[in-house]
Each structure stands twice: as structure tokens, then as C-alpha cells.
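Peer 1: The structure's right below; bear with me while I get my questions together.
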Amino acid sequence: ICALPHYNIQEGYEIAELIRKRIEATPVRFKQKNLQVTISAGVAELHKPATNSHELIYLADEFLYSAKNAGRNQVVIGSGVTHLT
């Protein structure tokens, strides 16, 4: 969970996408094997439609699972996929 006060949802998406790209581009070696590490992320905004922190976390979690179900390694905001690999 990452809270970004004073940022709108588009800026939150851009930050999540930057993190996603950097993780994807970072080589990881474990037990003499190269691993491809990626992340999926869900971005939600307070007041749209969440009205409290519990709803906000619930929505972000739902968007995270939408990203995973759509193929992983992507960021989802609102109800749509915003990056496909």
C-alpha cells in the first residue's frame, strides 16, 4: 500500500507505472538463475467512488486483482486496464 496525498489518480497511475517499469527492468539473480520479476498494481482515488480509507483500500485491492486476472505486469486504475504487456 502506498498513499499519495495531494496527487490525483492520473499522477498516482504514473508513479505506479514508473515503479512497475523499474522493477521489470531490474535484473534479479537467485541461486545462479536469472529471474524476471514484475508487479501488478491497483490505483484508487479517495472520493471517486471511495469515501473512506477502508473503501479506498478495498477498491485498490479489487483493481490489483483485475490487473492480475488480465495477465499481470500492469497497472489498473478505476475499472479498466491501463497497461498491457
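Numbering follows our numbering, with no gaps: position 41 of the sequence shown is 398.
Even glycine gets a Cβ: it sits at the ideal position worked out from N, Cα and C.
(1) Quick check on phenylalanine 420: buried or exposed, where buried means 16 or more other Cβ atoms within 10 Å of its Cβ?
(2) Buried or exposed: where does valine 385 fall if 16 or more other Cβ atoms within 10 Å of its Cβ makes it buried?
(3) With a 10 Å radius around its C-beta and 16 neighbouring C-beta atoms as the bar for buried, classify glycine 369 as buried or exposed.
(4) Taking 8 Å as the threshold (C-beta atoms), are isoleucine 366 and isoleucine 414 in contact?
(5) DSSP puts arginine 386 in a beta bridge; with which residues?
Peer 2: In short, the structure shows the following:
(1) To locate residue 420, count along the sequence shown from 1; it is residue 63. Answer is buried; the Cβ neighbour count reaches 16.
(2) As a position in the sequence shown, residue 385 is number 28, starting the count at 1. Taking all protein chains in view, the Cβ of valine 385 is surrounded by fewer than 16 other Cβ atoms within 10 Å, so the residue is classified as exposed.
(3) Taking the first residue of the sequence shown as position 1, residue 369 is located at position 12. Counting Cβ neighbours within 10 Å, glycine 369 comes out buried, since at least 16 surround it.
(4) Looking up residue 414 in the sequence shown gives position 57. Looking up residue 366 in the sequence shown gives position 9. No.
(5) Along the sequence shown, read from residue 1 onward, the residue named residue 386 stands at position 29. Beta-bridge pairing links arginine 386 to Asn391.
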